[in-house]
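In what follows, a single structure is set out as structure tokens and then discussed.
Residue numbers (my numbering): 19 to 281.
Printed below as a string of structure tokens:
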């Protein structure tokens, strides 16, 4: 026998069970398998409902739970929200696959939603990061020449009160904005500086002055800010300026190879 179990509003899974009914002890007729009743209670409303200790029923249900939780990844995936332009206002919003408007058009620019459910949008006040309901998660992503900072190793930068921090791919702040400047992550390290300043150079910007060090993905300072400049790590090495010349350091900040000052 095969039964269909509705699960959290997604298409029913067809799960085979042996011996759905057993004979009653007196042989008068069939009685309901307690496990089948347990499964039906489990599926009802998508929540666990236990009238008494489950005992072996729970043990028998574990394979089913694994199937429901891990075999329905595509069914449980978020619906795709697509940006669309309002012909009258020329503003952008988002709608679902059925064409229903989920986020009303109010943006001058609307990028695609990521797999984690966030999108970069821009209006008259600038760029923001929103979730699938239109709620602003990151008011001020760090901006490059052509838009918000891209994710590097799962983190992107944002600004707050003139300081720089990092948020993850779900739009959650993981490193508060406390640095005068911070570079993107590379090999689990990000260069940061204190006392430095950004300067405009035509269409681009550069960071000048200050003392430079490195943080890890938790925001912990792993190499203190003691250098006159720093570049990102590559293959376990990074170039830093010390006493007016560039040297190479390892992940612990120890010098490994000296380079000439004319690099």
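Backbone N, C-alpha and C define an ideal beta-carbon position, used for all residues, glycine too.
Beta-bridge partners of residue 204 (DSSP): 207. Between the stretch 195-207 and the stretch 239-252, the count of Cβ pairs shorter than 8 angstroms is three or higher; the stretches touch.
For the pair residue 141 and residue 125, the CB atoms are nearer than the 7 angstroms cut-off. In the DSSP annotation of this structure, the continuous segment of the beta strand (DSSP E) that includes residue 112 starts and ends at 110-113. Distance between residue 221 and residue 157, taken at the CA atoms: about 23 angstroms.
For the pair residue 127 and residue 135, the Cα-to-Cα distance works out to about 17 angstroms. The bridge partners DSSP lists for residue 167 come to none. In the DSSP assignment, residue 96 falls outside any beta strand (DSSP E) and carries neither an H nor an E.
In this structure residue 138 is in contact with residue 129, their Cβ atoms being roughly 5 angstroms apart against a cut-off of 8 angstroms. Cβ-Cβ distances below 6 angstroms link residue 216 to 223 and 225 in the same chain, with the five nearest sequence neighbours on each side left out; the list follows chain order. A residue is called buried once 16 or more other Cβ atoms fall within 10 Å of its Cβ, and residue 151, having fewer, is exposed.
In the three-state scheme derived from DSSP, where H, G and I count as helix and E and B as strand, residue 218 is classed as strand.
Judged by beta-carbon spacing, residue 175 lies within the 7 angstroms limit of residue 184, meaning their Cβ atoms are closer than that value. Going by beta carbons, residue 178 and residue 198 fall outside the 7 angstroms limit.
With a 10 Å radius around the Cβ and a threshold of 16 neighbouring Cβ atoms, residue 172 comes out exposed. In the structure shown, residue 256 falls within a strand segment according to DSSP collapsed to helix, strand and coil. With fewer than 16 other Cβ atoms inside 10 Å of its own Cβ, residue 154 counts as exposed.
For residue 183, the pairing in a beta bridge is given by DSSP as 176. Inter-residue distance for residue 214 and residue 181 is about 11 angstroms (C-alpha atoms, whole angstroms).
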